[in-house]
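What follows is one structure encoded as structure tokens, with my remarks underneath.
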DNA sequence: CAAGTTAGTGTCATAATGACACTAATGCAA
DNA sequence: TTGCATTAGTGTCATTATGACACTAACTTG
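Chains as they are written, first to last, in my numbering: chain U, 1 to 253; chain X, 254 to 506.
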């Protein structure tokens, strides 16, 4: 299927998808944003750079998941990413800022249509996916979540919402291995949890707990070239993880 | 705001909301369904009764939450219910059955438009809300969740999805007090959990756990007129409950 | 008054939690 | 080469949470 004009598909002017892609660089949580431009290198006189989540209208012959994947790829070249829907956003005032309206006028056949958008999020390994801008994206890059603000439309709110969902999940079930390289240290993993939760954790208790789940495989290998005691490397035991998913919740029985 | 034609609002032919309202009758979990008819008592020759979730297109000047509340009220007369969005559904093949297509043709200005729908769910006290059908609903009633099947469009799937969400939440945090009357017994509460989770729980352990949370207030009152030892009545301590919500999750620290 | 029904209660062995501080191994700079 | 900075790695203990388990109490109805 070609990326831009699926056979028999018409753009639906009322429904879009937006993707919140989280990555982790061993220090802090990042999110993939694009700088908004126009397709085909048409550039309106150099306006202020505006950042936004990768997103666009859907086609009438794709489902929402497919749309999200297509749009993400079209704008950032990322593909083969597991996207999870988290919420729909439909405030009539989603499009309010002058510059957003102007941009829509130069982009859309029906720029004043009321649009609701469906939010998708994902966790990926920062080192594994190299975003490359295309279509209307002038750039596609990782930004520290903590510093992001002033995104186009209601994207600040969509991002907040995705982050809240991520935190909730991180507290309730083991999560986030998608954000680390295949081999990682317990220190990496702890930092990741601390970045997601926004709080620090006790090292010994963290290790005890995570190891007791049996979702890690200890490798016969250590870090190299680090200016401190090298740590053991671990791998993620995905079979065990899938087993746990169904019953690692704690509230009742 | 009038219920049917908000000032300046046009129906958006591409976006609808559907409501999954759960109720509990002390025995099993029920869901509120309507029997599909036509507005204003126009009735096509008596076709097979078709059940569906209450839902309809949104207006362009309401947000999604408002739409869901409006539509629910318009079809079932229920109002002042806290609805929570849980997912959007957008398969291009959502409308596929002949009878669904025929019904849309008699109902909608643009019956062939591709529609995505946003699902909302809620838990209510069965005894507190008496559904009354209106608009295109021929009836509005409670049905045992376990027996529901063959709903219109993709509503079976939407219901399954809402139920899965409900189960997940019930395992992760205390939930469901909205389904019980203000004064209830621990037996009622346990039955409710068993109905939601679809499994039985140990009475003593259940009591210990639920009481230890401090979210119940023991009343100076007992059941009356029951053909067995009357149980103490409890009330729900909502202040304590709200406090817990933020930190009763168990996975890490 | 007997039968049926749900309420209500305690113990024990095991597992999970949270608080807490020191030594080990490495790279780098002086 | 030494020492400094940095992160890895480890165990205990007191407290709390868990899960398994069986009997008596109180009421209504027939």
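We put the beta carbon where it would ideally sit given N, CA and C, even for glycine.
Review point. List, in order along the chain, the chain U residues whose C-beta lies closer than 8 Å to that of residue 313 of chain X?
Key: Result: 92, 114.
Point to revise | Residue closest to residue 317 of chain X, alpha-carbon to alpha-carbon, out of X:358, X:288, X:362, X:265 | key: Nearest C-alpha to residue 317 of chain X: X:265.
Check your understanding: chain X beta carbons: is any one of them nearer than 7 Å to that of residue 163 of chain U?
Key -> Chain X contact via Cβ: absent.
**Study point:** Assigned exposure category for residue 477 of chain X - 16 Cβ within 10 Å defines buried
**Key:** Residue 477 of chain X comes out exposed.
Check your understanding: Buried or exposed: residue 372 of chain X, going by 16 or more other Cβ atoms within 10 Å of its Cβ?
Key -> Residue 372 of chain X is buried by the Cβ-count criterion.
Review point. So, does the CB of residue 64 of chain U fall closer than 7 Å to a CB anywhere in chain X?
Key: Taking Cβ atoms only, chain X reaches closer than 7 Å to residue 64 of chain U, which makes this a yes.
Exercise for review: Could you check how far apart the C-beta atoms of residue 286 of chain X and residue 304 of chain X are, in whole angstroms? I think they sit under 8 Å.
Suggested key: Indeed, because the Cβ distance is near 5 Å, the residues count as touching under 8 Å.
Practice item. Quick one: measure Cβ to Cβ for residue 487 of chain X and residue 439 of chain X, integer angstroms, because I've assumed they're closer than 8 Å. Key: Cβ atoms of residue 487 of chain X and residue 439 of chain X come within 8 Å of each other, at about 7 Å.
Practice item. Take residue 388 of chain X as the anchor and find which of X:436, X:341, X:420, X:293 has the nearest alpha-carbon. Key: Nearest in C-alpha terms to residue 388 of chain X, of all of X:436, X:341, X:420, X:293, is X:293.
Review point. Within this structure, are the beta carbons of residue 111 of chain U and residue 30 of chain U separated by less than 7 Å?
Key: Their beta carbons are not under 7 Å apart, which means residue 111 of chain U does not touch residue 30 of chain U by this criterion.
Check your understanding: Do you know whose CA, among X:267, X:281, X:262, lies nearest residue 400 of chain X's CA?
Key -> When only C-alpha atoms are compared, the closest one is X:281.
Check your understanding: Is there at least one Cβ from chain X nearer than 7 Å to residue 253 of chain U's Cβ?
Key -> With a pLDDT of only 35 at residue 253 of chain U, under the threshold of 50, the placement of this residue in the model should not be trusted; the figure read from the coordinates follows. Taking Cβ atoms only, chain X reaches closer than 7 Å to residue 253 of chain U, which makes this a yes.
Point to revise | Residues within the segment 67-100 of chain U neighbouring chain X, beta-carbon criterion of under 7 Å | key: Of all residues in the segment 67-100 of chain U, 85, 87, 88, 90, 91, 92 have a Cβ within less than 7 Å of some Cβ in chain X.
Point to revise | Whole-angstrom C-beta distance between residue 175 of chain U and residue 124 of chain U, which should lie under 8 Å | key: A Cβ-Cβ separation of about 13 Å leaves residue 124 of chain U out of contact with residue 175 of chain U under the 8 Å criterion.
Practice item. Can you give me the start and stop residues for the beta strand (DSSP E) that residue 116 of chain U sits inside? Key: Membership of residue 116 of chain U in the beta strand (DSSP E) is indicated by the continuous run 116-125.
**Study point:** Per DSSP, cross-strand counterpart(s) of residue 305 of chain X
**Key:** The partner list for residue 305 of chain X (beta bridge, DSSP) reads X:287.
**Study point:** Proximity below 7 Å, CB of residue 345 of chain X to CB of residue 61 of chain U
**Key:** Yes, the pair counts as a contact, with Cβ atoms nearer than the cut-off.
Review point. Which chain U residues are close to residue 265 of chain X, counting only those with a beta carbon under 7 Å from its beta carbon?
Key: Neighbours of residue 265 of chain X on chain U, chain order: 14, 114.
Check your understanding: Under 7 Å between C-beta atoms, does residue 148 of chain U make it to chain X?
Key -> Answer no: the Cβ-Cβ gap between residue 148 of chain U and chain X never drops below 7 Å.
Practice item. Identify every residue that forms a DSSP beta bridge with residue 397 of chain X. Key: X:283, per the DSSP bridge assignment.
Point to revise | Same chain only: Cβ atoms within 8 Å of residue 231 of chain U, ignoring 5 sequence neighbours per side | key: Non-local beta-carbon contacts of residue 231 of chain U in its own chain, meaning distances under 8 Å to residues more than five positions away in sequence, involve 185, 186, 187, 222, 223 in chain order.
Check your understanding: CA-CA distance, residue 350 of chain X and residue 462 of chain X?
Key -> Distance between the alpha carbons of residue 350 of chain X and residue 462 of chain X: 47 Å.
Review point. What did DSSP end up calling residue 99 of chain U once you bin it into helix, strand or coil?
Key: Reduced to three states, the DSSP call for residue 99 of chain U is helix.
Exercise for review: Could you have a look at residue 255 of chain U and say whether DSSP puts it in helix, strand or coil?
Suggested key: What is shown of chain U runs 1 to 253, which leaves residue 255 of chain U out entirely.
Point to revise | Beta-carbon gap between residue 38 of chain U and residue 54 of chain U smaller than 7 Å | key: No.
Check your understanding: Using a Cβ-Cβ distance under 7 Å, would residue 273 of chain X count as near chain U?
Key -> No, because no Cβ of chain U sits closer than 7 Å to the Cβ of residue 273 of chain X.
Check your understanding: In angstroms, rounded to a whole number, what distance separates the CA positions of residue 22 of chain U and residue 339 of chain X?
Key -> If you draw a straight line from the Cα of residue 22 of chain U to the Cα of residue 339 of chain X, it comes to about 21 Å.
**Study point:** Nearest candidate by alpha-carbon position, reference residue 149 of chain U, set U:108, U:190, U:49, U:204
**Key:** Per the Cα distances, U:49.
Review point. Can you tell me whether DSSP reads residue 205 of chain U as helix, strand or coil?
Key: The answer is helix: DSSP assigns residue 205 of chain U an H, G or I state.
Check your understanding: So, helix, strand or coil for residue 178 of chain U, using DSSP?
Key -> Looking at residue 178 of chain U - three-state DSSP - the assignment turns out to be helix.
Point to revise | Rounded C-alpha distance that separates residue 433 of chain X from residue 374 of chain X | key: Roughly 17 Å separates the two Cα atoms.
Review point. How many Å lie between residue 240 of chain U and residue 211 of chain U at the Cα?
Key: Those two C-alpha atoms are separated by around 12 Å.
Check your understanding: Tell me which same chain residues have a C-beta within less than 7 Å of the C-beta of residue 330 of chain X, skipping the five on either side of it?
Key -> Closer than 7 Å at the Cβ level, and outside the excluded window around residue 330 of chain X, lie 384, 385, 387.
**Study point:** Enclosing beta strand (DSSP E) for residue 471 of chain X [first to last residue]
**Key:** Segment 469-475, the beta strand (DSSP E) holding residue 471 of chain X.
Practice item. Grab me the residues of residue 420 of chain X's own chain with a C-beta within less than 7 Å of its C-beta, minus the 5 sequence neighbours each way, in chain order. Key: Taken in chain order, the residues that qualify are 449, 450.
Exercise for review: For residue 249 of chain U, I'd like the list of residues in its chain whose CB is within less than 8 Å of its CB, leaving aside the five on either flank, ordered along the chain.
Suggested key: Because the pLDDT of residue 249 of chain U is 43, which lies under 50, any placement of that residue in the model is unreliable, and the number read from its coordinates should be weighed accordingly. Correct list, in chain order: 172, 173.
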